[in-house]
Each structure stands twice: as C-alpha cells, then as structure tokens.
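Numbering (our numbering), first residue to last: 221 to 600.
Cβ coordinates follow ideal geometry from the N, Cα and C atoms, glycine included.
For clarity, every value in this text was computed on a predicted model and none was experimentally measured.
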Ligand code: SF4
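(1) Would you tell me roughly how many angstroms separate the C-alpha atoms of residue 460 and residue 454, rounded to the nearest one?
(2) May I ask you to report which of helix, strand or coil DSSP gives residue 389?
(3) Once you ignore the five residues that flank residue 474 on each side, which residues in its own chain have a CB closer than 7 Å to its CB?
(4) How many angstroms separate the CA atom of residue 542 from the CA atom of residue 427?
(5) So for residue 521, helix, strand or coil by DSSP?
(6) Check whether the Cβ atoms of residue 421 and residue 230 sit closer than 8 Å, and answer yes or no.
(7) Tell whether a beta-carbon distance below 8 Å holds between residue 315 and residue 347.
(8) Please classify residue 203: does DSSP put it in a helix, a strand, or coil?
(9) Looking only at DSSP bridge pairs, what is residue 229 linked to?
(10) Considering only residues of the same chain and omitting the five flanking positions on each side of residue 279, which have a CB-CB separation below 8 Å?
(11) Output the distance between the C-alpha atoms of residue 400 and residue 317, rounded to the nearest integer angstrom.
(12) Can you name, in chain order, every residue of its own chain whose Cβ lies under 6 Å from the Cβ of residue 498, other than the five neighbours on each side?
(13) Taking 7 Å as the cut-off, is the C-beta of residue 550 nearer than that to any heavy atom in the ligand SF4?
(14) State yes or no: is the beta carbon of residue 278 nearer than 8 Å to at least one beta carbon in chain C?
(15) State the Cα-Cα distance for the pair residue 356 and residue 406, rounded to the nearest angstrom.
(16) Which residues have their C-beta within less than 5 Å of a heavy atom of the ligand SF4, listed in chain order?
(17) In the DSSP output, what is residue 404 paired with across the bridge?
(18) Determine the direct distance from the alpha carbon of residue 351 to that of residue 526, and round the result to whole angstroms.
(19) Since residue 550 is in the beta strand (DSSP E), which residue starts that stretch and which ends it?
(20) With H, G and I counted as helix, E and B as strand and the rest as coil, what does DSSP make of residue 331?
(21) Between the alpha carbons of residue 240 and residue 462, how many angstroms are there, rounded?
(22) DSSP three-state label for residue 583, please.
(23) Here's the rule I'm using: 16 or more other beta-carbon atoms within 10 Å means buried, otherwise exposed. How should residue 582 be labelled?
(24) Which two residues bound the contiguous alpha helix (DSSP H) that contains residue 264?
(25) Measure the C-alpha to C-alpha separation of residue 300 and residue 523 and round it to an integer number of angstroms.
(26) Where do the ends of the beta strand (DSSP E) carrying residue 558 lie?
(27) Give the straight-line distance between the Cα atoms of residue 452 and residue 416, rounded to the nearest whole angstrom.
(28) Is residue 295 closer than 8 Å to residue 275 when the C-beta atoms are compared?
(29) Cutting at 7 Å between CB atoms, please list the residues of its own chain near residue 353, excluding the five before and the five after it.
(30) Excluding the 5 residues preceding and the 5 following residue 225 in the sequence, name in chain order all residues of the same chain whose CB lies nearer than 6 Å to its CB.
(31) Using the C-alpha atoms, what's the distance from residue 429 back to residue 458?
(32) Does DSSP classify residue 428 as helix, strand or coil?
(33) Would you mind reading off the limits of the alpha helix (DSSP H) that contains residue 314?
(34) What did DSSP end up calling residue 222 once you bin it into helix, strand or coil?
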C-alpha cells in the first residue's frame, strides 16, 4: 500500500456515510432516469446501491420531481443527494427526503435575480440544517457565477471558479454552517487538477468531491478521470469521487466500479505515468446523461460520433456531445464542434457559432462535413 497523507479535512456526514477527516473516500453516482418516473428511478438507485454506491444523486427540476422524490425515499434506504438545479427554493420540498443537497453558485442567479445570493444560500443552509442534510457547493466550468466571470480575463476559466467557491465557503462559515463539501469540475482533466490543487492549497480543511464532467464513453472517459484522480488523490486531495460516464442506465454501475478500481490502483501504487491527455489527437467529450436527456438516442449518438470520427484520430480536435438543451449550449463552448440534443433534433455548432439543428439521421453526415473542413484548415 502507498502511504498517502490526506489533507486534514473536516468530517461531513451524508446519511450513514462520512467523508473527510481520514474517512475512506466515498464513491457516488447519479440517476439518469426521469425523476418523475418513480419505478425506473428506484430501480436505478437499487442498481447503483448494489454496485456499491455510497451516495446516489438525483436531479430535481420541478415540483413534480420533488413529489416523486418523497415516494422514491420510501422505497430505498440509500444515502440520497439532490441537485437543486436552477430552482433553489425547491430545497424546502426536497430536504426532508434526502441526506445532502447540492447547489451550483452559478445557477443561483436564474431565479429572483435581484435577491443577493447570500440570502439564497442562507435559506438552503437553514433548510439543510433543519433536515439533517449536508451540502455540496458544486462549481462547474460551464456555469460559473457571471459576477465572478466578468472580473477576470475570459481566457482564465479557473480563477472565477475558485473565487466563487471561496466566497461560498467563507459565507457558509460565517453563518456557522460547516457540514459542506465543494466540487470544482471541468471536462479537461488538467484543469480539474489545477483548480482542485489551488483550492486545497488555500482551504485544505474543506472536503472535496472530485470529478471530471462529461468524461464521455468508456474506456476513454475512465482514463480521463483516472488521470485527474491520480494527480489529486496521490497528493492527499479528495474525499469523495464520481466517475461520469456516457453509458445506458442499465450499465450505470460501471461508474461505481470504475471509481473503486481507480481508488484501489492509486492506493496500491498502480498509477500510470501522467501525461497531458491526447493533446495531439481527437478528443470526444460527452455528458454522463441525467434526467434532463431529451432523447434516449443520445447515448447511441455519442457512440456513433466516436466511431465516425475515428478516421480523424491524429488531429487535435475536440468534439463535445451533450444530452440536453439546458446545459448543452454552455458546456460545448470550448469545443471545436459541439452537439446537443433536443427531443427531435440535434443542434450543431462550430466554436461558439451555431450551425443549425439537424435530424438524428442527418447529424453524422453534417458533422463529418464540418470535421473535414477543420482538418483541411489545419493541414492546408
Ligand atoms: S448536459 Fe444535460 S443531459 Fe447531460 S448531464 Fe448535463 S444536464 Fe444532464
């Protein structure tokens, strides 16, 4: 066993599991069913639990989802976490049924724009306290607090994430709410390493939830995540992890398996030499899907994009494939070509320029045309 000195993080209890303060690193996953489909969601929670998930996260977007959650809670003893998404006020409806709530500082602006974020966080924290819940402050590269973003160079995506996370930690500390962890996620493993390292340098006491967003299909998605986790966990950073993979619901247990394998390998010293990922080759990123996926053809589309683009393996081009219109447009901004799914159409863009919406049966041909043009530009 490798002797890793972990950061001296605070202990945070999430239902029957505790993270931080030297506790075993917890592995979590998320349901990707429609939360209002109670039977399908409960079945997936059970599947993840059987795969060994310490915590299972569920997305709640609406009152209907929140009502379904109350029923889901009755049918499982799993440690449940909920993503509050844009509507932070749903916290009062969901907190009684879960063990942790996650809010994204960048999403607190979407409702009641004139209300200071501190008031919103105060409500979330007070409700979490009343219902014995932990909190995760989940900062994401694709949805950073706009007030932080405008203070920094647009090319610097990391500092606004950090400033946002530090502000929220300071605020939660100031209202004596200590039962929280933080996540700082990006789809680029190198950025995940840098942002978490810098966060932990300043706040080694706050437990970190590690993950690479939109890591994509296995096996590449597992490799990207492994690269980031090796660098961070090897330095004692990280108290809970999620491996986000684009796989059908029936195979979601792979996220837990992959997480446990990576952790075990790190602790037994079986690490790969860490290199920048695929800087000279094609990079396909795809979201792990969640209840917001608008068409189940998304997973197959991601697989087809990977197959179709294999001929461009030698070109340093990033293609992002996302499952919904809510996060898709923002999360694809940094890709050379971005696709995000609607119910009947797939939207395509090149850099930040929209190229239109295409049927599921047309999109691959259109994508190939754009890819060929990019290759011609880079070699011509
Ligand atoms: S891009 Fe949309 S579907 Fe994919 S994980 Fe994010 S919110 Fe869910």
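This is what the structure gives:
(1) 14 Å
(2) helix
(3) Once the five neighbours on either side are set aside, the close Cβ partners of residue 474 are 438, 465, 467.
(4) 29 Å
(5) helix
(6) In this structure, residue 421 keeps its C-beta atom at 8 Å or more from the C-beta atom of residue 230.
(7) yes
(8) For residue 203 there is no data in the structure shown, the boundaries of the chain being 221 and 600.
(9) Its beta-bridge partners do not exist; DSSP assigns none.
(10) 250, 251, 255, 285, 302, 303, 305, 510, 511, 512
(11) Those two C-alpha atoms are separated by around 18 Å.
(12) Bear in mind that a pLDDT of 47 at residue 498, under 50, signals an unreliable position, so the number given afterwards is only what the model happens to contain. For residue 498, where only same-chain residues beyond five positions count, there are no Cβ hits under 6 Å.
(13) Look at residue 550: its beta carbon is at least 7 Å from all of the heavy atoms in the ligand SF4.
(14) Any reference to chain C falls outside this structure, which holds one protein chain only.
(15) Their backbone Cα atoms lie some 16 Å apart in a straight line.
(16) Those residues, listed in chain order, are 507, 510, 512, 513, 542, 543, 544, 547.
(17) Under DSSP, residue 404 takes part in a beta bridge, and its partners are 359.
(18) 44 Å
(19) From DSSP, residue 550 is part of no beta strand (DSSP E) but of the alpha helix (DSSP H) over 548-551.
(20) In the structure shown, residue 331 adopts coil according to DSSP, grouped into three states.
(21) 15 Å
(22) helix
(23) exposed
(24) Run containing residue 264: 258-270, per the alpha helix (DSSP H) assignment.
(25) 30 Å
(26) 557-561
(27) 8 Å
(28) no
(29) 315, 318, 319, 320, 321
(30) 456
(31) C-alpha separation (whole angstroms): 6 Å.
(32) Reduced to three states, the DSSP call for residue 428 is strand.
(33) 311-314
(34) Coil, per DSSP.
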